[in-house]
Amino acid sequence: MGGFKVIQPGIYSLLQDAGRFGWHGIGLTTGGPMDRQAFRLANKLCGNNDDSAAIEVTVGGLVLDAKNHSSIAVTGADIPLTINSKPVPLWRTHHVTPGDRIELGYASKGSRGYLAVAGGFQAEAIFDSLATVCRESLGGLHQDGQPLKADDILACPESDQQPRLLSVPENLRPDNNGTATIRVILGYQQHAFTEVQKQLFFSSEYALTNSCDRMGYRLSGAQITPSIGGILSEGICLGAIQVPADGQPIILLRDRQTIGGYPKLGSVLSLDLDRLAQLVPGDTLRFEAISIDEAHNALLLAEQKFASTKLETVDV
Amino acid sequence: MSQDIFNISIAGENSLIVYFGAEPSPHIAAQVSQTADYLRQSLGDLLIDLVPSYASLLVIYNPLQTDHYLVRSAIRSATHNLQQSSAQEQGNLVSLPVYYSLESGPDLQQLADNADLSIEQVIAIHQQTEYRVYAIGFAPGFAYLGEVDKRIAAPRLATPRQKVPRGAVAIADRQTAVYPAPSPGGWNLIGLCPQPMFDPGATPSMPVQTGDRVRFNAIDREEYLALGGIL
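Top line first, the protein sequences correspond to chains A and B. For the first sequence, our numbering begins at 23 and goes up steadily by one. For the second sequence, our numbering begins at 370 and goes up steadily by one.
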C-alpha cells in the first residue's frame, strides 16, 4: 500500500466515491461528487473505475506529501497545481515519487476540484460507500463524516507499472464561466404553480446566494409563488427545486435531506448539476424546461460520449 | 377501490413519485410498504432506491438501463396487485422502552399543564396508542410515528433547542419520535429511550422500518440505566 500524508487539508476537502445508494429507507442521503463529470474524468485519467474514491477539494488549499510511487490527476475548477513548487497542468496525469509535495492553490474560476490517484484512495466503507457526509457523521477516511485534516494518511495501492500519462482533450474540458443555463424537468407539484409563475421562473435570471453547500443551493431572483404552502413530507430526488414561502428557489443536491414538505416545481437534469456545482455566489443562471424523454436522451448521449472519450497520450 | 386513486407523477430524470392519498392512515402506510416490496422484486437492479413517506413513494431508477414508461407500468402492476391482496400486511410490532420523568422529559410538565392533564395521564396516553412508522428521514434513523392522541398533541417549541440528547422521546403536533443522535430540535421532550434507533455497526441498523407499528412501554430509572441509558 502506498499513500499520501495530508500536510494541509485546505478549506474543505472530502473523500468521495460515486455515492451511497440504497439507504434512503433509513434516512441516509447519497453524498458523492458535486461535479460528477470532473470526478469521473479525474478517475479515468488514473485508469480507475467511476466509483473509485477521489478527493473533492472545495476552493482549494490542499497540500499532500507522496509516500510512494503513484500517479495523480486533478480536474474541475481552475485551481493552480504545483508538484515540488513547479506549476503543472490540470486535466492530465502526473507521476509522483516518495517525498513529492503536491500543492493546490485557490480556484480562480469554478469552485470544486477533484484529485484522483491510480487505484483510488482506500478506506473502510460504511453503508457500502466512502462518501463523506458531514451532516450525517458518516463516511470519509475515519467513517465519521469528517473532512480531511492535517496528518491524515490516505492509503492507495502502490503502482509498480507506471501507467501512461494521459490528458483530457481541450474540447472536452468544461468552461466554468460565470453564467449557466440549467435544464429542468417539470414534475412533482408543478400544477401548484400557475402558467404565469412558470413563465416567470423560466424567463428570469437567478443568482447563487451565499447559502450554498452540498445539501442545497439557495437562489435569489424573481419571486415565484406556489398556490399551496406545504405538502405532506415526501421523497426528494437529486436536483429537486423546492420553493419555500419566500418564493426563492432552492436546488437540492448530493447531501439533500431524503424527505421534505415544501412544494417542488421539478428537478434539474443531473448533467447540469455539474455546471451548477462550479458556480460561486453571485454567479447567475437561467432555467430551460425539457421533457422527461429529452432528459433520458441527453443522459444516454452523455454516457455514450463519456464511454467513447479517448484521452490523449502525453509525450514526455 | 378503483385504481385511479394512485397518482403517478414525474419527480426528476430518474424518479417517479406515487401518491396514495391526501391524508396519512394506517391503510395507506400498508399500501406504501407493499408497493415498495413489490417494486424491489419486480425492478431488481433497475431500481436505485425507494423513499417511502406518509402517503407517497418515490421510486428512483437507473435511467441508463430503463425508462419512465417501464417503471410506470411496474408501479401500475404493483398497485393493481394491492387490490387483489385483501389481507393487509401490517408490518412488525416493535416495543420501545421509555423512561418518562421530569428528569428525562424536560417538557413534560409544560405539556401536561397546556393539555390540562396530569403528568401521569400524559404518560399513560402516550403509551395507549399503537403508532405507525409513517416516514424515516430528517436524520439517519429518525422515524416519524403517528398519530399522537389529540389530547397530548403539542406544537413545536417557539425556540428549538440547540441540542436534544440521543434517545429523547418527543412530540410535535400529532407526531412522536425518538431522536437517534444528539441534534438540534424543536419537539417537546417527554422521556428517554435507551434502545439505539440508529447504529451503523448493527444489522439491521434501525429497529424499525417504514410501515412498522410501535408501542412505547414505561420503564423506571433503574431499568433505564440497566439497559444502558445515560442521564
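Each residue gets a CB set at the ideal place from its N, CA and C atoms; glycine is no exception.
Residue span of the beta strand (DSSP E) that contains residue i, given as start and end
i: H117(A); result: T115 to V118
i: N557(B); result: N557 to L561
i: D87(A); result: L84 to A88
i: Y239(A); result: G238 to S242
i: L293(A); result: Looking at the DSSP string, L293(A) is not in any beta strand (DSSP E); the run it does join, the alpha helix (DSSP H), is S292 to A299.
i: A587(B); result: R582 to A587
i: D418(B); result: L416 to P421
i: A523(B); result: Here A523(B) belongs to no beta strand (DSSP E), and DSSP marks it neither H nor E.
i: K532(B); result: R530 to V533
i: G25(A); result: G24 to P31
i: I429(B); result: S425 to Y430
i: I175(A); result: I175 to C178
Length of the line joining the Cα atoms of residue i and residue j
i: I29(A); j: K131(A); result: 24 Å
i: V463(B); j: R62(A); result: 43 Å
i: D589(B); j: Y469(B); result: 8 Å
i: G580(B); j: D174(A); result: 42 Å
i: S455(B); j: L419(B); result: Confidence is the limiting factor: at S455(B) the pLDDT is only 41, short of 50, which leaves the residue's position unreliable, though a coordinate-based value still follows. Their Cα atoms are separated by approximately 24 Å.
i: P553(B); j: G474(B); result: 16 Å
i: V190(A); j: W113(A); result: 6 Å
i: V336(A); j: T115(A); result: 9 Å
i: Y210(A); j: K286(A); result: 6 Å
i: R582(B); j: I494(B); result: 17 Å
i: I368(A); j: V206(A); result: There is no way to answer for residue 368(A), as the model of chain A reaches only from 23 to 338.
i: A95(A); j: G261(A); result: 28 Å
i: R236(A); j: P551(B); result: 21 Å
i: E592(B); j: V467(B); result: 10 Å
i: L307(A); j: D294(A); result: 11 Å
i: V218(A); j: R58(A); result: 34 Å
i: S422(B); j: N461(B); result: 17 Å
i: D518(B); j: T498(B); result: 7 Å
i: Y407(B); j: V118(A); result: 51 Å
i: K327(A); j: R501(B); result: 47 Å
i: L64(A); j: Y284(A); result: Here the sequence assigns Ala to residue 64(A), which means Leu is not the residue at that position. A64(A) and Y284(A): Cα-Cα distance of roughly 36 Å.
i: P576(B); j: F567(B); result: 8 Å
i: L586(B); j: L561(B); result: Leu is not the amino acid found at residue 586(B); the sequence shown has Asn there. For N586(B) and L561(B), the distance between alpha carbons rounds to 11 Å.
i: N319(A); j: I379(B); result: 16 Å
i: F375(B); j: H213(A); result: 17 Å
i: L439(B); j: K220(A); result: 29 Å
i: Q400(B); j: S330(A); result: 44 Å
i: G161(A); j: A147(A); result: 7 Å
i: G142(A); j: Q578(B); result: 34 Å
Start-to-end residues for the alpha helix (DSSP H) that takes in residue i
i: R62(A); result: R58 to L67
i: R409(B); result: P395 to L412
i: F224(A); result: E217 to S225
i: I353(A); result: Outside the shown range of chain A (23 to 338) lies residue 353(A), about which nothing can therefore be said.
i: N198(A); result: First-last for N198(A): undefined, no H or E at that position.
i: V491(B); result: I488 to Q497
i: R590(B); result: R590 to A595
i: A484(B); result: L477 to A484
Per DSSP, the bridge partner or partners of residue i
i: S289(A); result: I207(A) and A262(A)
i: N376(B); result: Y388(B)
i: P466(B); result: N586(B)
i: E125(A); result: V85(A) and T104(A)
i: A537(B); result: L561(B)
i: K171(A); result: Paired residues: none, contrary to the question.
Contact test: residue i Cβ vs the ligand NAD heavy atom, cutoff 6 Å
i: R445(B); result: Ligands in the displayed structure: none, and consequently the ligand NAD is not present.
CB contact below 7 Å: residue i versus chain E
i: L291(A); result: Checking the listed chains, one finds no chain E in this structure; the protein chains it contains are A and B.
With 8 Å as the C-beta to C-beta threshold (strictly closer), list the residues of the stretch 408-437 of chain B near chain A in chain order. I417, D418, L419, V420, P421, S422, Y423, A424, S425, L426, L427, I429, P432, L433, D436 and H437
If contact means a Cβ-Cβ distance below 7 Å, which residues of the stretch 210-238 of chain A contact chain B? Y210
Quick one: which residues of the stretch 495-526 of chain B get their C-beta closer than 9 Å to a C-beta of chain A? List them in chain order. Y503, A504, I505, G506, F507, A508, P509, G510, F511, A512 and Y513
Okay, do the stretch 408-423 of chain B and the stretch 237-253 of chain A touch, 3+ Cβ pairs below 8 Å being the bar? no
Residues of the stretch 269-281 of chain A whose Cβ lies closer than 9 Å to any Cβ of chain B, in chain order: Q279, T280 and I281
How do the stretch 272-281 of chain A and the stretch 100-111 of chain A stand: do at least 3 beta-carbon pairs fall below 8 Å, yes or no? no
What residues in the stretch 158-169 of chain A have a beta carbon less than 9 Å from any beta carbon of chain B? E158, S159, L160 and Q165
Tell me whether the stretch 531-544 of chain B and the stretch 510-520 of chain B touch, counting them as touching only if at least three CB pairs, one residue from each stretch, are closer than 8 Å. yes
By the 7 Å beta-carbon criterion, what residues does the stretch 32-63 of chain A contribute toward chain B? F43, G44, H46, G47, I48, G49 and L50
Got a sec: which bits of the stretch 235-259 of chain A sit with their beta carbon under 8 Å from any beta carbon on chain B, in order along the chain? L254, S255, E256, G257, I258 and C259
State whether the stretch 287-307 of chain A contacts the stretch 132-148 of chain A, with contact taken as three or more CB pairs (one from each stretch) at a distance under 8 Å. yes
What are the residues in the stretch 301-335 of chain A lying within 7 Å of chain B by C-beta distance? I314, A317, H318, L321, L322 and E325
Within 8 Å, do at least three Cβ pairs link the stretch 46-56 of chain A to the stretch 151-171 of chain A? yes
Under 8 Å, CB to CB, which of the residues in the stretch 134-152 of chain A have a partner in chain B? I148 and F149
Along the stretch 573-589 of chain B, what residues have a CB closer than 7 Å to any CB found in chain A? S574, M575, Q578 and T579
If the cut-off is 8 Å on Cβ atoms, which residues from the stretch 185-209 of chain A count as contacting chain B, listed in chain order? I207, L208 and G209
Give a yes or no on contact between the stretch 75-91 of chain A and the stretch 32-50 of chain A, applying the rule of three or more CB pairs nearer than 8 Å. yes
Per the contact definition of three or more C-beta pairs closer than 8 Å, is the stretch 120-130 of chain A in contact with the stretch 162-180 of chain A? no
Contact set between the stretch 539-571 of chain B and chain A, restricted to residues whose Cβ is under 8 Å from the partner: A550, F567 and P569
Below 7 Å between beta carbons is the criterion; list the residues of the stretch 84-105 of chain A that meet it against any residue of chain B, in chain order. none
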